[in-house]
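Only one structure is covered here, and it is reproduced in the block below.
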Amino acid sequence: MKVEQLPPVVSSLQPSNHPYLNGAWTPLHEEVNATDLEVIEGTIPTDIDGNYLRNTENQVHQPLGRHHPFDGHGMIHQISFSNGTATYRNRFIRTRCFEAEQIAGGSLWGGLMDGNAVSKRPGFGAHGGLKGSASTDVIVHAGKAIATFYQCGEGYILDPETLDQSGVASWVPLDGVSAHPKVDEETGELLFFNYFKSAPYMHYGVVDASGKLVHYTPVPLPGPRLPHDMIFSKNWSILNDLPVFWDQELIKTRGLHAVRLHEGIPARFRAHPASRKRRPDPLVRSRADLCPPLPQRL
Ligand SMILES: [Fe+2]
5 MKVEQLPPVV SSLQPSNHPY LNGAWTPLHE EVNATDLEVI EGTIPTDIDG NYLRNTENQV
65 HQPLGRHHPF DGHGMIHQIS FSNGTATYRN RFIRTRCFEA EQIAGGSLWG GLMDGNAVSK
125 RPGFGAHGGL KGSASTDVIV HAGKAIATFY QCGEGYILDP ETLDQSGVAS WVPLDGVSAH
185 PKVDEETGEL LFFNYFKSAP YMHYGVVDAS GKLVHYTPVP LPGPRLPHDM IFSKNWSILN
245 DLPVFWDQEL IKTRGLHAVR LHEGIPARFR AHPASRKRRP DPLVRSRADL CPPLPQRL
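If you want our numbering, it's the 1-based position in the sequence shown plus 4.
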């Protein structure tokens, strides 16, 4: 195996006994290109040809407040298979926030467990106090890998072969994009949603096969929600309208974002036309009986 190491990133992280900064959770700071990976068992099939991509979180700097395992910067790992051989490379996603903290030499944003006041700069996405780390998900659309963050940050583009980076996807709206957008292989479209703390609380969008935003529309909900994923069928995208959202009182009084399952609010899913081209008139339907009864407050 040959390993080429890239120049080190700036890190201010100090040794600690934090359970999510040690052992299997120890942040990885090295970026490498490794070729001729050693096969430790069996052989790599010669008819596998392609790239496996995986997104992860790695804490780079000393946390400003309390550390949560979702707080780290996004890092894409790639294993590339071809002709019975495998290569590996990994890259931090060069988000605006990663670059800003590299320049600052330390954390500029607090984490999920902190109040927004901990952050030294305004944050991104629905939460408002977090850095946009593009660390939750990665999907390939229009020939490019797009890394996204579940709290609706910006979506970042990487070349799926080289992991070269092209910054924020041009179609990402100001409200950001949630993790887990979907690609409809039949149409080549990317279907996505985002969410936030003020009305209409959610948007739904469609990006065409060339990477152009062709549909972006409000999905009015009765209040804030913390959706995490979506599914789609030929004509519909199904969006979560679950009574899971931040405790509004805690946000007001302490600036904390504590997730609650709210009793007495029906759990629903909303079916939205999957594409403007397929169904020109936006229509939102909801059914309260699609979800089983909720458990008691967690
Ligand atoms: Fe997820």
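Beta carbons are placed, not taken as given, at the ideal position from N, Cα and C, and that holds for glycine.
- Give the DSSP-derived three-state secondary structure of THR257 in the structure shown. Here THR257 sits in helix by DSSP.
- Below 7 Å from a heavy atom of ligand 1 - residues by beta-carbon: For ligand 1, the selected residues are THR140, ASP141, TYR154, ALA183, HIS184, HIS232, ASP233.
- Query: Under the rule that 16 or more other beta-carbon atoms within 10 Å means buried, what is LYS135, buried or exposed?
  - Reply: LYS135 comes out buried.
- State the DSSP-derived secondary structure class of VAL142, mapped to helix, strand or coil. VAL142: strand per DSSP, three-state reduction.
- Residues that GLY209 bridges to, as DSSP identifies them: DSSP lists PHE196, TYR220 as the bridge partner or partners of GLY209.
- Message: Need the endpoints of the beta strand (DSSP E) that ALA203 sits in, please.
- Response: Per DSSP, ALA203 lies in no beta strand (DSSP E) segment and is marked neither H nor E.
- Ordered along the chain, which non-local residues of its own chain (more than five positions away) have a Cβ less than 6 Å from that of PHE249? The residues are PRO228, ARG229, LEU230.
- In or out: ASN21 buried (at least 16 other Cβ within 10 Å) or exposed? Classification of ASN21: exposed, given that the 10 Å Cβ count is below 16.
- Query: Leaving out five residues before and five after VAL36 in sequence, what residues of the same chain have Cβ atoms less than 6 Å from its Cβ?
  - Reply: Closer than 6 Å at Cβ, skipping near neighbours: VAL7, GLN9.
- Query: Just the Cα atoms here: how many angstroms apart are PRO204 and PHE85?
  - Reply: About 44 Å.
- Query: Would you say VAL64 and SER139 are within 8 Å of each other, going by their C-beta atoms?
  - Reply: No, the Cβ-Cβ distance between VAL64 and SER139 is not below 8 Å.
- Item | Proximity of GLY157 and ILE150 at Cβ, strictly below 8 Å | The beta carbons of GLY157 and ILE150 sit no closer together than 8 Å.
- Message: Going by DSSP in three states, ALA90 sits in which element: helix, strand or coil?
- Response: ALA90 falls in the strand class under three-state DSSP.
- ASP51: which of GLU45, ALA90, ASN59 sits nearest, CA to CA? With distances taken between Cα atoms, ASP51 lies closest to ALA90.
- Query: Hey, how far is the Cα of ILE255 from the Cα of HIS261?
  - Reply: Approximately 6 Å, taken between the alpha carbons.
- Helix, strand or coil for TRP240, going by three-state DSSP, please let me know. Reduced to three states, the DSSP call for TRP240 is strand.
- For SER202, is the classification buried or exposed, using 16 other Cβ atoms within 10 angstroms of its Cβ as the cut-off for buried? By the neighbour-count rule (16 or more Cβ atoms within 10 Å), SER202 is not buried but exposed.
- Query: Span of the alpha helix (DSSP H) holding ILE107?
  - Reply: Unbroken alpha helix (DSSP H) run through ILE107: 100-108.
- Query: Starting from TYR56 and walking both ways along the beta strand (DSSP E), at which residues does that stretch end?
  - Reply: Looking at the DSSP string, the run of the beta strand (DSSP E) that includes TYR56 is 54-62.
- Task: Buried or exposed for ILE107, please, with buried defined as at least 16 other CB atoms from any protein chain shown within 10 angstroms of its CB.
- Result: Classification for ILE107: exposed.
- Query: What is the C-beta distance between GLU61 and GLY78, in whole angstroms, given that I count them as a contact (C-beta under 8 Å)?
  - Reply: About 7 Å separates the beta carbons of GLU61 and GLY78, which is inside the 8 Å limit, making them a contact pair.
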